[in-house]
Each structure stands twice: as structure tokens, then as C-alpha cells.
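Okay, structure first, notes after.
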Amino acid sequence: MTDALANSLAAAPVQSAPAARVRSYWGGVWQRLRYDYVTLFCIALIILIVLSAVFAPWLAPFDPYKSSMAHRLRPIGYRQFLLGTDEQGRDMLSRLLYGGRVSLLMGIVPVLLATLVGGMFGVVAGYYGRKVNMGIMRTMDIFFAFPSVLLAVAISGSLGGGITNQMLTLTVVLIPPICRVAETATSQVRNMDFVDAARATGASTTSILFTHVLINVMSPVLVYASTLVSISIILASGLSFLGLGVSPPTADWGLMLSTLRQSIYVQPLVSAIPGVAILVTSIAFNLVSDGLRQAMDVKA
Amino acid sequence: MWLYALRRIILTIPILFGVTVICFALVQIAPGDPIQNLLSPTASQADAERLRAAYGLDKPLPVQYVIWLGKVLVGDMGMSIANNTPVTGEVLRAFTNTIVIAMIAVVIAFILSTIFGVAAAYRSGGLVDKAITAVAVFGISVPTFWLGVILVIIFAVNLSWLPATGMGAGGSKGFDYLSWSDFRFAVMPIIALALPPLGIMTRTTRSSLSEILNQDFVQTLRAKGLSEFEVMVHAVRNIMPAAVAMLGLQLGYLIGGSVLVETVFTWPGTGYLLNKAILTRDIPLLQGTILVLATAFVLINLVVDLAQSLIDPRIKRS
């Protein structure tokens, strides 16, 4: 009888095992994301914006650079101009589609570059601590001495306009905050018991970094980096607004907003359109990063 | 505590040096001969040579830096190209205009964000939470310069409640923040400045509060019979050090980020000065303004860190 009881106890977990399916971390993230309709909608919106930017040459009804003196500053829905025309008579919809290319590029490329560089510095600084930490973080502190917009304006203002300079500027601006997030996360993880345990069992530094630290540091860094996409887009459009982005004939949301500012009294609605594009894109990226944050937070 | 304060102050000095290095480098990374960047285009060859000797631009870079730093330390940041006036005076005059509206904006944002954050975290996932989160996301996502333009359309063009731009007839001299006839010029810049930090601070307050509210000690507080309000006070006290740090950081961001808002409203602060410097490629003015703003930001952060260690005795840094 005692044997039967022991057997049933031993057998019980095996029997109930199929019910409690063990999910991987990313499987759990996906399970949570699946029912987050706001995030899913925003992901769809971003895909739509990206596709419309990529396929702009096929989607745009007009040549975005063809100006027309006869059709300057037409209202929304004027004849074939779905979103009206700008101060040089160019079709707004076409320019908006082409402008998305620059803005999206400015949102994504600098963030990727900065995540790689900043994340690496942050993990190294956080894990090794002491002098290495001091060296890296104090250097970053010098960049933290500049508010992001100011640093961007400073570098961009000295380098001059242009798409390469703008990208370089944004990458430099985004490295320090990512580095700090990675450093904070790493130094928290570093002091946890499981890392101590790994060290006690004789794991090498490289193996601890890759198997224990990086996994735990990755979610905060990735979530943080995803919030930077919209910041990067807004910073880039701000630089373009100040005349530090692409040069004038090229379509860019920030630059369009800047050149249309004089027409605010003539066509307020048309003048506001590029800003709406920036706002919608940046809200979409913000909400997606919010959703990711919630989905990736195991505690929630 | 005092040891920490002293350490923190001493650590600020190398950062300030780093700031001067970056500001010095700005002239170097600008395309073209530095001397052309420092001079007006109409200057003669003799002027150029005189300035080259005065700045020691024929000497190696580290020597140039020391000469430049020596001048900066006694308050000489060169001459503005556009106006041919000393940069120092121009920047400091503009700085007053910037810091005042930035401080008003950040205090408004701090108070509102604490209220919003508490309201949102209290019933996490509720309707209030959703509405407040929506406002916060808008605040974070909206480009300030576009918001400025929209504010002008609504309040200046359509409603004629507020003046669109500038600081009024008197300019910054004798501008009285306490009288409405002057202050109304500052209202729209303050709103445009306050919204992004409001969004960011609401979001951080909400998320750190709801994290605190899930902790065991909150359950203990409820179990021992404290009212919901008293529990909230405990929770809010827990996030205050982080919130104060955020406040300082945001103030700094506003000072630096004012360039866009001040450009839209032609508010005669440092941001407007920066825009002028960029348009006219006035590198000495750009360099001087950025040096002053970055120094201010460093000092604000120092004060915040010291205040934070006063509020939260747990803070111990390696």
C-alpha cells in the first residue's frame, strides 16, 4: 500500500506533464503579444508605412519633384491631388511617400548601429566593473553632459547638412543612453546568485557573459532601443526642420514641415500633414515598444 | 554623505573638461579651414593672419586647445560673426530667457505627471489608466516644433487669445513674468516645452509605481490596515528619488532641446541663438552657446545627484 502511494506520487507529475506545457521565454512573449491588439495594430501600421516607403516609386501618383506654378498650395482633395500640393505645386501625397524613406531610415539605422556599439560598451562596463566601468562610463558621461537635441544640433551644426552627417550624428547621440541601460542591467545581473553560482562552478567569463548575462540584459536593452526609434525619427525631423538634414529638393517630412511653415496661414491643413506623418509613425513605434516591454516583462 | 558629495563634485571637473574638448572639437569637425569658420566671409587676408596668430592656429592641436581654454576660462568665447559682438554676453542674455521658461515648464510637467502617474497606476489597466497613457504617448511622440505650429494656428490665428511669437514690444529687457501682458507671450512656448517631459515623466511614474504596488511590503501595509491613500503615499515616496532625478534630467533636456520650440516662437533664448548660428554658419556663436548650455546641464545633474542622495540614503555608488 505504501508502495502504491509512493508510486502514485512519483507518477503524478509525469501524468500531468502534458497539461503544463513548458514554454520557452520567446514563446511566452509571443503568447502575450498575440492578444495585445493595440500592439498588433501598430505593428501592422509600421509594416504598412515601411511598404509604402519602399514601394513609393510605384505608389506615388506624381513625380515628387515636378513643381507647377499653376497649382501651388492647393487644398486637400483638389482634383487629382489627394492631399493637395505644397508651396511649389508638388503633389503632397507623392512627397509624403518618398519622404517616409528618409524618415524611416533615420529611425532605424542609427538605432541599430548605436545598439551594437553602445550595448557592447555597456555590457563590458557593467560586467567588469571598477576601472573598466569607470573608463567607459565616465567617457559616456561627457556625452551625457549634452542633452540629446543639443548634442545633435552641435555635431550636425558643425558638420553641416546631408544624409550621411545626419545619420552619423544620430548614432553618436544614441550610443550613450543605450550604453547606460546595458551597463545598469549588466551590473544588476552580475550580482545575482545564479551568476555567483556559475562562477563558483568554474564557468569562464565568456560563458557567463553569453549564457547568463547577455540573455538577461537583452530584453531591457532591446525594449529601450525600440523606444529610441521614435526618438531618432523625431530628432532627425528636428534636424531637417532646422535645415540640417537632406538638401532641399529631396522629400523629407521634417524639411517639408519647415518649408510649409510660411504657408500656415494659406493652407493650415496641408501644412500640418508632414507633422501628422511624423506623429503617426512615432506613436506607432512608441506603442510597439510599449507592447514589447509588457510582453517581455516576465513579472507582468 | 559629505564624502559622497565631495566625490561627486570632484568627478564633475573631468566631465566639464570633456565638455570643453567636445566644444573645441566642433570647430575642428566643421568642414573647411577653422580660421574661415571663425571669421566673417568679408574679412581680409590680413585679418585672417592676425586671428591665426592670435588663436595660435599654426600650433599643434593640444596647444591650440589650451590657448582656447584659457580664453574661455576668463569668459572670452570669441566674437559672433553675424553681429561682431562678444559671444559671451549674447549667450548669457539669451540663457536667462531659456532657463526661466524651461523651469516653469518642467515644474508644471512634474506636478501633472505625478498626479497622472498615481491616477494611472492606482487602477492599472482601467479607463483612467488608458486615457492617461494615451496622453503620455502623444506627449512623447509629438514633434515639439509641429506642436508649436499647431498651437499657433489654434490660439493665435483662430482664437486670437495669445500672441504668436516673440516677447512683446519691450523684448527681453524689463520682461515681467508676473504680469499677464508680458507672460502671455511665454504661455505657448511653455506648453510646447512641457508636453514631452510630461509624457515621459507620466510614463516612468506610472510604470515604477505599478511595480512598487506589486511588491510584498505594499500588501503588508494594506494588511496592517492603512488606507489606500496612505499606501499610495508610501509608494510615491519610494519612487521620489527616481522622479527627482528625472525632473533634473528633463530640465536639462528642455534647456538643450529648446532650439526647436524657440525657433517656432522666435523666443529670444539660447535655442533661437543656435538656430541663428546654424543658418548663418556662425561657428563661434554655435560653439559658445553649446558650451554654456552643456555646462549648465552638467551643473543641474550635479545638483540632482546631490539632492537624490539626500532623499534616498540607500544610494551608494562605487
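Same order as they appear, the protein sequences are chains A and B.
For the first sequence, position 135 (counting from the first letter as 1) is numbered 143 according to our numbering, and the numbering increases by one without interruption.
For the second sequence, position 161 (counting from the first letter as 1) is numbered 199 according to our numbering, and the numbering increases by one without interruption.
From the three backbone atoms N, C-alpha and C, an ideal C-beta is built for every residue, glycine too.
Closest by CA to glycine 169(A), which one among Arg301(A), Ile54(A), Thr258(A)? Nearest of Arg301(A), Ile54(A), Thr258(A) to glycine 169(A), Cα basis: Thr258(A).
Could you pull out every residue in the same chain whose Cβ sits closer than 8 Å to the Cβ of methionine 141(B), ignoring the five residues on either side in sequence? Closer than 8 Å at the Cβ level, and outside the excluded window around methionine 141(B), lie Leu289.
What are the start and end residues of the alpha helix (DSSP H) that includes tyrosine 310(B)? Boundaries of the alpha helix (DSSP H) around tyrosine 310(B): 308-317.
Opening and closing residue of the alpha helix (DSSP H) in which methionine 141(B) lies: Looking at the DSSP string, the run of the alpha helix (DSSP H) that includes methionine 141(B) is 125-160.
To the nearest angstrom, how far is the alpha carbon of proline 322(B) from that of phenylalanine 151(A)? Whole-angstrom Cα-Cα distance: 20 Å.
Please go through the same chain and pick out, in chain order, the residues whose beta-carbon is closer than 6 Å to the beta-carbon of arginine 46(B), but skip the five residues on each side of it. Correct list, in chain order: Asp343.
Helix, strand or coil, according to DSSP, for aspartate 320(B) in the structure here? In this structure, aspartate 320(B) counts as coil in the three-state DSSP scheme.
Assuming threonine 289(A) and isoleucine 57(A) make a contact with CB atoms under 8 Å, what is their CB distance in whole Å? Contact flag correct, Cβ pair sits at about 6 Å.
Considering threonine 50(B), what are the terminal residues of the alpha helix (DSSP H) in which it resides? In the DSSP annotation of this structure, the continuous segment of the alpha helix (DSSP H) that includes threonine 50(B) starts and ends at 40-67.
Spatial neighbours of arginine 103(A) within its chain, please: C-beta separation below 7 Å, excluding the five flanking residues on both sides. Once the five neighbours on either side are set aside, the close Cβ partners of arginine 103(A) are Pro72, Asp94, Ala259, Met264.
Expressed to the nearest angstrom, what Euclidean distance is found between the alpha-carbon atoms of isoleucine 229(B) and methionine 100(A)? Annotation: isoleucine 229(B) to methionine 100(A) spans about 29 Å, alpha carbon to alpha carbon.
Rounded straight-line distance, which links the Cα of arginine 42(A) to that of proline 26(A): Because the pLDDT of proline 26(A) is 43, which lies under 50, any placement of that residue in the model is unreliable, and the number read from its coordinates should be weighed accordingly. Between proline 26(A) and arginine 42(A), the C-alpha separation is close to 22 Å.
Around the Cβ of isoleucine 48(B), are there at least 16 other Cβ atoms within 10 angstroms (buried) or fewer (exposed)? By the neighbour-count rule (16 or more Cβ atoms within 10 Å), isoleucine 48(B) is not buried but exposed.
Express the C-alpha separation of threonine 192(A) and leucine 295(A) in angstroms, rounding to a whole number. Straight-line Cα distance between these residues: approximately 24 Å.
Residues from the stretch 115-131 of chain B in contact with chain A, defined by Cβ distance under 8 Å: Those residues of the stretch 115-131 of chain B that come within reach of chain A (Cβ to Cβ, closer than 8 Å) do not exist; the list is empty.
Min CB distance glycine 177(B) to chain A below 8 Å: At a cut-off of 8 Å between beta carbons, glycine 177(B) makes no contact with chain A.
Could you check the C-alpha separation between glycine 251(A) and leucine 317(B) for me, to the nearest Å? Distance between glycine 251(A) and leucine 317(B), taken at the CA atoms: about 8 Å.
What ranges does the beta strand (DSSP E) occupy inside the stretch 173-215 of chain A, keeping only unbroken runs of at least 3 residues that lie completely in it? Along the length of the stretch 173-215 of chain A, whole beta strand (DSSP E) runs at least 3 residues long do not occur.
Along the alpha helix (DSSP H) that carries glycine 290(B), what are the first and last residues, could you check? Segment 266-303, the alpha helix (DSSP H) holding glycine 290(B).
Please state the DSSP three-state secondary structure of aspartate 254(B). Helix.
Rounded to the nearest angstrom, how far is the Cβ of glycine 294(B) from that of phenylalanine 335(B), given a contact under 8 Å? With a Cβ gap of about 6 Å, glycine 294(B) and phenylalanine 335(B) count as contacting.
Kindly list the residues whose CB is nearer than 7 Å to the CB of phenylalanine 255(B), restricted to its own chain and excluding five residues on each side of it in sequence; keep chain order. Its chain contains no residue whose beta carbon lies nearer than 7 Å to that of phenylalanine 255(B) once the 5 sequence neighbours on both sides are disregarded.
Could you check if tyrosine 33(A) is buried or exposed, using at least 16 other CB atoms within 10 Å of its CB as the buried criterion? Using a 10 angstroms sphere on the CB of tyrosine 33(A), the tally of other CB atoms stays under 16, which defines it as exposed.
Which of helix, strand or coil does DSSP assign to methionine 115(B)? The three-state reading of DSSP puts methionine 115(B) in coil, since its state is none of H, G, I, E or B.
In the DSSP assignment, the alpha helix (DSSP H) including serine 238(A) goes from what residue to what residue? 222-249 is the extent of the alpha helix (DSSP H) around serine 238(A).
In the structure shown, what three-state DSSP assignment does alanine 99(A) receive? The displayed chain sequence assigns aspartate, not alanine, to residue 99(A). Residue state, collapsed to three classes: strand.
Would you say isoleucine 171(A) touches the ligand HEM, meaning its beta carbon is less than 7 Å from a heavy atom? The ligand HEM is not among the ligands present in this structure, which contains no ligands whatsoever.
Output needed in chain order: residues of the stretch 176-208 of chain A with a Cβ under 7 Å from some Cβ in chain E. Any reference to chain E falls outside this structure, whose protein chains are A and B.
Would you please verify whether the beta carbon of proline 227(B) is less than 8 Å from any beta carbon of chain A? It does not: the Cβ of proline 227(B) has no partner Cβ on chain A nearer than 8 Å.
Near leucine 311(B), which residues of its chain fall below 6 Å by C-beta distance, leaving aside the five closest residues on each side in sequence? Here the set comprises Ala132, Thr327.
For a test of the three-state rule: what should DSSP assign to isoleucine 349(B), helix, strand or coil? In the structure shown, the three-state DSSP call for isoleucine 349(B) is helix.
For the stretch 87-111 of chain B, enumerate the residues whose C-beta is nearer than 8 Å to any C-beta of chain A, in chain order. Of all residues in the stretch 87-111 of chain B, none has a C-beta nearer than 8 Å to a C-beta of chain A.
Leucine 285(B) and histidine 272(B) - do their beta-carbons sit closer together than 8 Å? No, they are not a contact pair.
Please report whether the beta-carbon of leucine 126(A) lies at a distance below 8 Å from any beta-carbon of chain B. The residue you asked about is not leucine; residue 126(A) is glycine in the sequence shown. Not one chain B Cβ lies under 8 Å of glycine 126(A).
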